[in-house]
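Colleague:
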Amino acid sequence: MRKVRTKITRKLNNKPGIFITFEGVEGSGKSVQTNFLYNELHKKGYNVYLTREPGGTDAGKGIRDILLNTVNEINSYTELFLYLADRSQHIVEVIKPYLLQGAIVISDRFFDSTIAYQKAGRRIPKEEIEEITDFKIFKELEPDLTFLLDLAPEFAQERVENPDRIERENIEFHTRVRNEYIELARMNPERIFVIDALDSIENISNIIKRTTLDLIKEVNYE
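Numbering (my numbering), first residue to last: 1 to 222.
1. Quick one: using the 10 Å Cβ neighbour count with 16 as the cut-off for buried, is Arg178 buried or exposed?
2. Just grab the DSSP bridge partners of Glu23 for me.
3. Can you name, in chain order, every residue of its own chain whose Cβ lies under 8 Å from the Cβ of Tyr181, other than the five neighbours on each side?
4. Between Lys136 and Ile129, how many whole angstroms is the CB-CB distance? I'm expecting something under 8 Å.
5. Quick check on Arg123: buried or exposed, where buried means 16 or more other Cβ atoms within 10 Å of its Cβ?
6. Around the C-beta of Arg267, are 16 or more other C-beta atoms found within 10 angstroms, so that it is buried, or is it exposed?
7. Compare the beta carbon distance of Leu145 and Ile18 with 9 Å and say whether it is the shorter of the two.
8. Helix, strand or coil, according to DSSP, for Ser200 in the structure here?
9. Going by C-alpha distance, which of Ile195, Pro153 and Lys43 is nearest Arg176?
10. Among the residues of its own chain, which have a CB less than 6 Å from the CB of His42, if the five just before and after it don't count?
11. Does the beta-carbon distance from Ile74 to Leu82 come in below 9 Å?
12. With a floor of 3 residues, list each beta strand (DSSP E) that falls wholly inside the stretch 120-181, ordered by position along the chain.
13. What's the C-alpha gap between Leu68 and Gln157?
14. Just the C-alpha distance for Glu218 and Val71, rounded to the nearest angstrom, thanks.
15. Who are the Cβ neighbours of Ser88 in its own chain at under 6 Å, not counting the five residues just before and after it?
16. State the beta-bridge partners of Ile195 as determined by DSSP.
17. State the Cα-Cα distance for the pair Thr212 and Pro163, rounded to the nearest angstrom.
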């Protein structure tokens, strides 16, 4: 059986929640699949909460508007700090409390996005990102399972309608992002489950459902 790390959420509560994240380039189908998984688990009677980054809190919604609005020209470091501000509030207000309640938390994006988009996409040095994120709040929480919907940027851009500020970046930017995601998956095979986003929506959904139910069984979640 494929090993899945559970140490972080299990440290939060004796009857832990499960933290599942979805990652991928723009247009990879994350939103469709996060909603599918939420609905499937909800129908089975699980305590499940669906959220996203940026914008998973009221404060985060305002940050999301700033980050994605096409009229805004934002410095790469300003962008990084805005994403981290959103995440800080998200962890404190949403993710950690729900995990402590024993919920299954599903998040459309988490810290892997920062490495892929800010380190690789914006070319901010890894050492600087590590220094900026050297706070307990960013280090104490790690997903139990991450689904990476892998899609080449040329296909991804064909799927995007009314592109936001990030989606409008050139193909070279999105290629760097995609390549960094692949590297993250290579370095974290126990956590990151890579799925070909060119597969049918139904097949992808079935893979995600089966893998999640296997995790639930593996950690004896009730």
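Just so you know, even glycine gets a beta-carbon here, dropped at the ideal spot from N, CA and C.
Modeller: Concretely, from the data shown:
1. The residue labelled residue 178 in the question sits at position 178 within the sequence shown. Arg178 is buried by the Cβ-count criterion.
2. Position 23 of the sequence shown, counting from 1, holds the residue named residue 23. DSSP lists Leu148 as partners of Glu23.
3. Stepping through the sequence shown from its first residue, residue 181 is reached at position 181. Within the same chain, Tyr181 has close Cβ partners Glu23, Gly24, Val25, Asp112, Ala116, Leu148 and Asp150.
4. Here residue 136 refers to the residue found at position 136 of the sequence shown. Here residue 129 refers to the residue found at position 129 of the sequence shown. Going by Cβ atoms, the distance from Lys136 to Ile129 rounds to 16 Å, so no, they are not a contact pair.
5. The residue given as residue 123 occupies position 123 in the sequence shown. Exposed: under 16 other Cβ atoms inside 10 Å.
6. Missing from the structure shown is residue 267; the chain here goes from 1 to 222 and no further.
7. On the sequence shown, residue 145 is found 145 positions in, with the first residue counted as 1. On the sequence shown, residue 18 is found 18 positions in, with the first residue counted as 1. The answer is yes: Cβ separation under 9 Å.
8. Indexing the sequence shown from 1 puts residue 200 at position 200. In the structure shown, the three-state DSSP call for Ser200 is coil.
9. For the purposes of this step, residue 176 is taken as residue 176 along the sequence shown, with counting starting at 1. The residue from Ile195, Pro153 and Lys43 with its alpha-carbon nearest to that of Arg176 is Pro153.
10. The count along the sequence shown starts at 1 and reaches residue 42 at position 42. For His42, where only same-chain residues beyond five positions count, the Cβ hits under 6 Å are Val48.
11. Start at 1 with the first residue of the sequence shown, and residue 74 comes out as number 74. Start at 1 with the first residue of the sequence shown, and residue 82 comes out as number 82. Yes, the Cβ-Cβ distance between Ile74 and Leu82 is below 9 Å.
12. Segments of the beta strand (DSSP E) lying fully in the stretch 120-181: 145-150.
13. Along the sequence shown, one-based indexing puts residue 68 at 68. Along the sequence shown, one-based indexing puts residue 157 at 157. The alpha-carbon atoms of Leu68 and Gln157 are separated by roughly 16 Å.
14. In the sequence shown, residue 218 corresponds to position 218, counting from 1. In the sequence shown, residue 71 corresponds to position 71, counting from 1. So the two alpha carbons sit approximately 47 Å from each other.
15. Counting from 1 along the sequence shown, the entry for residue 88 is found at position 88. Correct list, in chain order: Ile137.
16. For the purposes of this step, residue 195 is taken as residue 195 along the sequence shown, with counting starting at 1. Note: Ile195 sits in a beta bridge opposite Leu149.
17. The residue you call residue 212 lines up with position 212 of the sequence shown. The residue you call residue 163 lines up with position 163 of the sequence shown. Rounded to the nearest whole angstrom, the C-alpha separation of Thr212 and Pro163 is 31 Å.
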